[in-house]
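Asker: Can you keep this structure in mind? I'll have questions shortly.
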Amino acid sequence: MIFWDPTCGHCKEVMPKLAKIYEKNKSRGWKVIGLASGDKRKEWEEYYNAHPETQQFIHLIRGEVLSERYKQNLFTYFVKSSPTIYVLDENNVIQANRIDIDKLEDFINHLERERYQHLIPAEAVKVENKPVNNNGTGKASSKTNNKPAKSAGKK
Numbered sequence: 004m005i006f007w008d009p010t011c012g013h014c015k016e017v018m019p020k021l022a023k024i025y026e027k028n029k030s031r032g033w034k035v036i037g038l039a040s041g042d043k044r045k046e047w048e049e050y051y052n053a054h055p056e057t058q059q060f061i062h063l064i065r066g067e068v069l070s071e072r073y074k075q076n077l078f079t080y081f082v083k084s085s086p087t088i089y090v091l092d093e094n095n096v097i098q099a100n101r102i103d104i105d106k107l108e109d110f111i112n113h114l115e116r117e118r119y120q121h122l123i124p125a126e127a128v129k130v131e132n133k134p135v136n137n138n139g140t141g142k143a144s145s146k147t148n149n150k151p152a153k154s155a156g157k158k
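Count the sequence shown with the numbering used here and you get residues 4 to 158, in order.
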């Protein structure tokens, strides 16, 4: 979800970058919801028509959303400037807030790895069989201690 303004220079730079990221990830079920701030329908239409790459987004314009509800969303999501990007999961739970566009793709990939890590077959995971030591060096100890552990009870 991105809160943006069609007259904001930085927003105009971010939207095409977001479109490229979306294009790579839409097959994963990702969607982009653009909430345009202000009552700038004319400016929004100009931007929309000039940037077909963003036309796949779900766009909400303030003029189409009740002003009071829009203000509540700004308050709820701590939107202080534009653009403001949030990542929500399939249950609409915020996974990242106010994330920078240049970190977004890495974050999406991190979420995907985390989400599907438990589905990786055990044989596909390379595990090194290294001896465990107790000397804190990360190297196997050359000494072996086959003595049984001392009991905490009576001797």
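Idealized CB from N, CA, C, for every residue including glycine.
Under the three-state reduction of DSSP, which class applies to His-62: helix, strand or coil?
Answerer: If you number the sequence shown from 1, residue 62 lands on position 59. Correct three-state label for His-62: strand.
Asker: Is it right to say Leu-21 is buried, meaning 16 or more other beta carbons lie within 10 angstroms of its own, or is it exposed?
Answerer: Counting from one through the sequence shown, the residue named residue 21 turns up at place 18. Its Cβ being crowded by 16 or more others within 10 Å, Leu-21 is buried.
Asker: Got a sec? Which residues, its chain only, sit under 8 Å from Ile-61 by beta carbon, not counting five neighbours each side?
Answerer: Your numbering for residue 61 matches position 58 in the sequence shown. Correct list, in chain order: Lys-34, Val-35, Ile-36, Gly-37.
Asker: Phe-6 bridges to which residues according to DSSP?
Answerer: For the purposes of this step, residue 6 is taken as the residue at position 3 of the sequence shown. Phe-6 pairs with Leu-38, Thr-87.
Asker: Which two residues bound the contiguous alpha helix (DSSP H) that contains Ile-111?
Answerer: The sequence position of residue 111 within the sequence shown is 108, counting from 1. Its alpha helix (DSSP H) spans residues 104–119.
Asker: So, is Tyr-50 buried or exposed, given that buried needs 16 or more other C-beta atoms within 10 angstroms?
Answerer: What you label residue 50 is simply residue 47 of the sequence shown in a count that begins at 1. Flag for Tyr-50 reads buried.
Asker: So is Ser-30 buried or exposed if we call it buried at 16+ other beta carbons inside 10 Å?
Answerer: Within the sequence shown, the letter at position 27 stands for residue 30. Classification for Ser-30: exposed.
Asker: Mind checking which residues open and close the beta strand (DSSP E) that includes Asn-100?
Answerer: Looking up residue 100 in the sequence shown gives position 97. From DSSP, the beta strand (DSSP E) with Asn-100 extends over 97–100.
Asker: Measure from the alpha carbon of Phe-46 to the alpha carbon of each residue in Pro-9, Leu-63, Thr-79, Pro-19, then state which is nearest.
Answerer: Here the question's residue 46 lines up with position 43 in the sequence shown. One detail in the question is off: residue 46 reads as Glu in this sequence, not Phe. It is Pro-9.
Asker: CB-CB under 7 Å to Leu-114, same chain, minus the five flanking residues each way: which ones, in chain order?
Answerer: As a working mapping, residue 114 is identified with position 111 in the sequence shown. Gln-98.
Asker: With a threshold of 16 other CB atoms inside 10 Å of the CB of Ser-40, please say whether the residue is buried or exposed.
Answerer: Position 37 of the sequence shown, counted from the start, is the residue given in the question as residue 40. Label assigned to Ser-40: buried.
Asker: Would you call Leu-107 buried or exposed, if buried means 16 or more other Cβ atoms sit within 10 Å of its Cβ?
Answerer: As a first step, residue 107 must be located in the sequence shown, where it is residue number 104. Leu-107 should be labelled buried.
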